[in-house]
Amino acid sequence: MNQRIKNLLLKAIILCIAFPIYAQQGGMWIPSLLKGMNESEMQSLGMKMSIQDIYDVNNSSMKDAVPHFNGGCTSEVISPQGLLLTNHHCGYSQIQSHSSIEHDYLTDGFWAESLNDELPNENLTVTFIVRIEDVTNKVLEGVLNTDNEREKQSKITKNISKTVASFPKESWQENKIKAFFEGNQYILFVTETFKDIRLVGAPPASIGKFGSDTDNWVWPRHTGDFSLFRIYADKDNKPAPYSKNNVPYKPKYFFPISLDGISEDDFTMVFGYPGQTQEYLPSYAVEQIINDLNPAKIAIRNAALKVTDEFMRNDQTIKIQYASKYASIANYWKKWIGESLGLTKTNAVQTKKDFEKDFIKRTKQSSKSSDYATLLPEFEQLYKQIAPYSLSRDYFTEVAMRNVELLVVAYRLYGLERSYTTEQSFSEKKENFINAQERFYKNYNKNVDEKVFETTVSLYSQKAPQQFLPEELKNVDVSSLTELIYNQSKLTDYESLKKLLEGNSKEVLKKLNRDKGYIFAKGLIENYIQNILPEYEKLNTQIEALQRTYMKAQLDLYPDARIFPDANSTLRVTYGKVDGYSPKDAVYYEPLTYLDGVIEKYVPGDYEFDVPQKLIDLYNAKDYGQYADNDKLPVNFIATNHTTGGNSGSPAIDAYGNLIGLNFDRVWEGTMSDIYYDPSICRNIMVDIRYVLFIIDKFANAKHLIDEMKLVHPKSEISTSK
Numbered sequence: 168m169n170q171r172i173k174n175l176l177l178k179a180i181i182l183c184i185a186f187p188i189y190a191q192q193g194g195m196w197i198p199s200l201l202k203g204m205n206e207s208e209m210q211s212l213g214m215k216m217s218i219q220d221i222y223d224v225n226n227s228s229m230k231d232a233v234p235h236f237n238g239g240c241t242s243e244v245i246s247p248q249g250l251l252l253t254n255h256h257c258g259y260s261q262i263q264s265h266s267s268i269e270h271d272y273l274t275d276g277f278w279a280e281s282l283n284d285e286l287p288n289e290n291l292t293v294t295f296i297v298r299i300e301d302v303t304n305k306v307l308e309g310v311l312n313t314d315n316e317r318e319k320q321s322k323i324t325k326n327i328s329k330t331v332a333s334f335p336k337e338s339w340q341e342n343k344i345k346a347f348f349e350g351n352q353y354i355l356f357v358t359e360t361f362k363d364i365r366l367v368g369a370p371p372a373s374i375g376k377f378g379s380d381t382d383n384w385v386w387p388r389h390t391g392d393f394s395l396f397r398i399y400a401d402k403d404n405k406p407a408p409y410s411k412n413n414v415p416y417k418p419k420y421f422f423p424i425s426l427d428g429i430s431e432d433d434f435t436m437v438f439g440y441p442g443q444t445q446e447y448l449p450s451y452a453v454e455q456i457i458n459d460l461n462p463a464k465i466a467i468r469n470a471a472l473k474v475t476d477e478f479m480r481n482d483q484t485i486k487i488q489y490a491s492k493y494a495s496i497a498n499y500w501k502k503w504i505g506e507s508l509g510l511t512k513t514n515a516v517q518t519k520k521d522f523e524k525d526f527i528k529r530t531k532q533s534s535k536s537s538d539y540a541t542l543l544p545e546f547e548q549l550y551k552q553i554a555p556y557s558l559s560r561d562y563f564t565e566v567a568m569r570n571v572e573l574l575v576v577a578y579r580l581y582g583l584e585r586s587y588t589t590e591q592s593f594s595e596k597k598e599n600f601i602n603a604q605e606r607f608y609k610n611y612n613k614n615v616d617e618k619v620f621e622t623t624v625s626l627y628s629q630k631a632p633q634q635f636l637p638e639e640l641k642n643v644d645v646s647s648l649t650e651l652i653y654n655q656s657k658l659t660d661y662e663s664l665k666k667l668l669e670g671n672s673k674e675v676l677k678k679l680n681r682d683k684g685y686i687f688a689k690g691l692i693e694n695y696i697q698n699i700l701p702e703y704e705k706l707n708t709q710i711e712a713l714q715r716t717y718m719k720a721q722l723d724l725y726p727d728a729r730i731f732p733d734a735n736s737t738l739r740v741t742y743g744k745v746d747g748y749s750p751k752d753a754v755y756y757e758p759l760t761y762l763d764g765v766i767e768k769y770v771p772g773d774y775e776f777d778v779p780q781k782l783i784d785l786y787n788a789k790d791y792g793q794y795a796d797n798d799k800l801p802v803n804f805i806a807t808n809h810t811t812g813g814n815s816g817s818p819a820i821d822a823y824g825n826l827i828g829l830n831f832d833r834v835w836e837g838t839m840s841d842i843y844y845d846p847s848i849c850r851n852i853m854v855d856i857r858y859v860l861f862i863i864d865k866f867a868n869a870k871h872l873i874d875e876m877k878l879v880h881p882k883s884e885i886s887t888s889k
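Numbering (the numbering used here), first residue to last: 168 to 889.
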């Protein structure tokens, strides 16, 4: 038996002795409800801080340093002057908006030398959670007296409005209510939003996006995915629109930063705003995802990406035009592949079926057998009924609304046609549409789109459920159709589009409905609206109602189980340990990477793997300052924290409450954690905070930013105190 296996067995034995009741199974927990089972589990995993350190209504706590970044990412306050840390990809659009030929901050990076040099960002916001309150009883008051789904939702909406309006808050704050456990629980969040957020620093993309699409969702990773902003407030430290008179925000709490780093088996906690998960789907739904829905979406995007990649490799202009679009399409294409592989590898469907057998057994033994006995048979029937509609919907959305750009424009034009009310209104909407398309066409290439159209429409016509196929795709010669549309349609060029839309509403709509591209797209759209969408929405509404009851049943029948609510972009805590993993036979991944790996991957001039010369020089000189770990510079690490989209930028926190890293991704084999979390292969990927500090200090020479922070040595301090 080798030493590695011996160590793993020893860890398992120790865990069983010290932690006999709980086994970590993931989870995204509401921070105000961590007392009890979660607290015990966290302590067993090595946590040394208290739950009050994490969430406290009456005193400052970590929740006061973790704002929602622009509604889609997470960030954390790391200085008493409102300095804010998030991912490079979360701040990418702001960095890009400030870039120009003269000041290419994406390529060269940006570092403000003083407060006066920090750059304001229009419409960028961060939102703090002030208070979390369970308001389930108020929201569901009078709701359970009716079986009519529409009446239920109407009553819930009214109760939410009433509760939001009446719950106490300050004038600059806002009340928001979110549903949890499929609508079996409702929680109110008192929030405050800051609107003056300025760019402070960002590494060049060769650091912040190192590895780009190739390394996306992949371990080992070597990416410095971070950027710095600052929150500004008025003289009273309250939220205010941008003003030169605003001052740096004085936070209620900011994170101390540990220089001691991490080791395998260390406790970690991630705080943030995970977007969406589906952890409690029945086996029928998961089977449908693996066998039907994911393969269809993957095939369409694979075809589109293959075409685009070929053009990008042979034309630098096209490469620039399509780089961002390619990355966007490839992101979930790669995620779905990993998700399906992970669900298959971990036998998730059988695990679901095993749970369902136990669920049936418990249902028969409970006093609520009549309420829950038919749930699973009803699920089975509904998922059979919705299957062709779901698949048809995915083919339509992937082809007509995502990958073929001509059809995307046509879909928007269809919305313009359908929105006609008055001549003045039509004229205003038409002008807004024309102006909005100018940027779109700057990054549009007819030849690329034509080939994408041909390949993806062929898949649509051959693979989509034939009973719901639009007439335009039945017995069609796709090559001839493609040639006809791209030779004659006015939607392939911005100037032609503007001419097409010249005139009053009657003239425009007449010309529009003669355009070959629009005619084809309109047929697809109306087939979808008339023959697919209504039945899909009807069946999906029934599934959602059934899922709500299924969730309630699990809460009723498994009162002692670790059941967490699905992610819904609200503040959550997840925790685990630094740990490697084995994605397949004879392969084991260590949990830490170093700057050595960056140099190993270095390809001069490559847009994904180029490395700045200064970083190479620092590496060669081993000039790592106080950020080294045994003469090596840590870059990224992984742990068993259960994360998803929205956790980008989340703080990674050690057992004592200090910042040790910055979450930015998951490993490819574990992306199925949105549906089924398995601790054997689900890992989140984080930037080691020491790499962040090294880049700020040594690479950017921005030591004034380091001086703002509180750097600590918790392990050394504990060792000294013993």
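Even for Gly, the Cβ is constructed at its ideal location relative to N, Cα and C.
Taking all protein chains shown into account, T330 has 16 or more neighbouring C-beta atoms within 10 Å of its C-beta and is therefore buried. Shortest Cα-Cα distance from N851 to any of M436, A452, A867 and N481 involves M436. In this structure, the straight-line span from the alpha carbon of A720 to that of Q552 is close to 23 Å. Secondary structure note for F347: its beta strand (DSSP E) is the uninterrupted segment E341 to F347.
Put simply, the backbone Cα of A867 is about 17 Å away from that of F377.
By the CB criterion at 8 Å, G249 and Y416 fall inside the cutoff. Per DSSP, reduced to three states, the secondary structure at P544 is helical.
The Cβ-Cβ distance between S242 and G816 falls below 8 Å. By the C-beta criterion, the segment 292-310 is judged to be in contact with the segment 356-371, since at least 3 inter-stretch pairs fall below 8 Å. Within the same chain, Y562, V566 and L640 come within 7 Å of Y627 by CB-CB distance, once the 5 residues on both sides are set aside. For T358, the enclosing beta strand (DSSP E) starts and ends at Q352 to F361.
Setting aside the 5 residues that flank it on each side, K689 is surrounded in the same chain by A577, Y581 and N680, each with a C-beta closer than 8 Å to its C-beta; the list follows chain order. With a contact defined as Cβ atoms closer than 8 Å, V770 and T390 miss out at about 15 Å. For F620, the uninterrupted alpha helix (DSSP H) run begins and ends at K613 to K630, by DSSP. DSSP, read as helix, strand or coil, puts T760 in strand. Residue pairing of F434 in beta bridges, as defined by DSSP: K744. For the 8 Å CB-CB criterion, A369 and I262 form a contact. Using a Cβ distance threshold of 8 Å, Y794 and L860 count as a contacting pair. According to the DSSP assignment, L829 belongs to the beta strand (DSSP E) that extends over L826 to R833.
For T313, the secondary structure class from DSSP, reduced to helix, strand or coil, is coil. When C-alpha distances from Y843 are compared across A407, E446 and S450, the shortest belongs to E446. As a beta-bridge residue in DSSP terms, P287 pairs with R365.
Excluding its 5 nearest sequence neighbours in each direction, V453 has C-beta neighbours in its own chain below 8 Å: L510, A515, V516, K519, I842 and Y843, listed in chain order. D403 is positioned such that its CB atom lies no closer than 8 Å to that of N413. If only complete runs of 4 or more residues are kept, the segment 439-513 shows the alpha helix (DSSP H) at 450-455, 461-481 and 483-512, in order along the chain. Boundaries of the alpha helix (DSSP H) around P701: L700 to L724. Taking 8 Å as the cut-off, the Cβ atoms of N808 and T741 count as close.
Fully contained in the segment 222-298 are the following alpha helix (DSSP H) runs of length 4 or more, in chain order: 259-264 and 272-275. With contacts defined as CB atoms closer than 8 Å, L782 and Y858 fail to qualify as a contacting pair.
If you check the CB distance, Y703 and Y556 come in under 8 Å. Annotation for A806: the continuous beta strand (DSSP E) segment containing it runs P801 to A806.
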